[in-house]
Amino acid sequence: MPVSEVVPGEDCLFCTIAAGERPAHVVLSDDVATAFLDTRPVFKGHVLVVPRAHVETLGDLPEPVIGPFFERVRVLSVAVERGLEAAGTFVAMNNRISQSVPHLHAHVVPRNRKDGLRGFFWPRTKYDDPAEAESYARRVREAL
9 MPVSEVVPGE
19 DCLFCTIAAG
29 ERPAHVVLSD
39 DVATAFLDTR
49 PVFKGHVLVV
59 PRAHVETLGD
69 LPEPVIGPFF
79 ERVRVLSVAV
89 ERGLEAAGTF
99 VAMNNRISQS
109 VPHLHAHVVP
119 RNRKDGLRGF
129 FWPRTKYDDP
139 AEAESYARRV
149 REAL
């Protein structure tokens, strides 16, 4: 479905920002995506990249928009590094769980060595053995 055929969410905070109806510190806006500073940044310069069309999760993003959207995420990742003289970026996306606004968004967070960000979201675990790991891999493959 082309972006122009997707109806914006009526009460969606990110849709109102993308439409220019709510103020934000916008760093990029075109027919595919809008990017703006997160109001609760992990680090200063933390950018959110949202598709202009209202979609809630990555699975809802129309196929023709996937490439163009992630091109914007890539461009923003480079711009955050260059513009903020960051050593790197952390790029992340939540789907449903921990998604504070139900509109797909990619976080582009500037990173520097020893910036204090460790284990950010995820506790780590292990598979009991290679067979258990293979059973998880098989279940994902079968769902493709």
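In this text, residue positions in the sequence shown follow the working numbering: the first is 9, and each later residue adds one.
Just so you know, even glycine gets a beta-carbon here, dropped at the ideal spot from N, CA and C.
These numbers were taken from a predicted model, which means no experiment stands behind them.
Three-state secondary structure assigned by DSSP to residue i
i: F51; result: coil
i: A139; result: helix
i: S108; result: coil
i: G96; result: strand
i: L66; result: helix
i: R119; result: strand
i: R149; result: helix
i: A87; result: helix
i: G124; result: coil
i: S12; result: Low local confidence applies: a pLDDT of 38 at S12 is under 50, so the model's placement there is unreliable, and no value is given.
Sheet register partners of residue i (DSSP bridge)
i: V57; result: A43 and A114
i: R80; result: According to DSSP, R80 bridges with nothing at all.
i: T24; result: Answer is none; T24 lacks a bridge partner.
i: S37; result: T42
Separation of residue j from residue i, as counted between CA atoms
i: P118; j: R146; result: 35 Å
i: A114; j: N102; result: 8 Å
i: P7; j: V148; result: Nothing about residue 7 can be read from this structure; the chain reaches only from 9 to 152.
i: A94; j: V116; result: 12 Å
i: V73; j: T42; result: 13 Å
i: E71; j: V99; result: 21 Å
i: G91; j: V34; result: 14 Å
Cβ distance (whole Å) where residue i is taken to contact residue j below 8 Å
i: A61; j: F44; result: No, A61 and F44 are not in contact; Cβ-Cβ is about 16 Å, not under 8 Å.
i: L69; j: P59; result: 6 Å
i: T65; j: R104; result: 6 Å
Cβ-Cβ distance between residue i and residue j below 9 Å
i: R80; j: D46; result: no
i: A87; j: L56; result: no
i: F51; j: V109; result: no
i: S85; j: T97; result: yes
i: V63; j: H111; result: yes
Closer than 9 Å to chain C by CB, residue i
i: L92; result: Absent from the structure is chain C; it holds one protein chain and no more.
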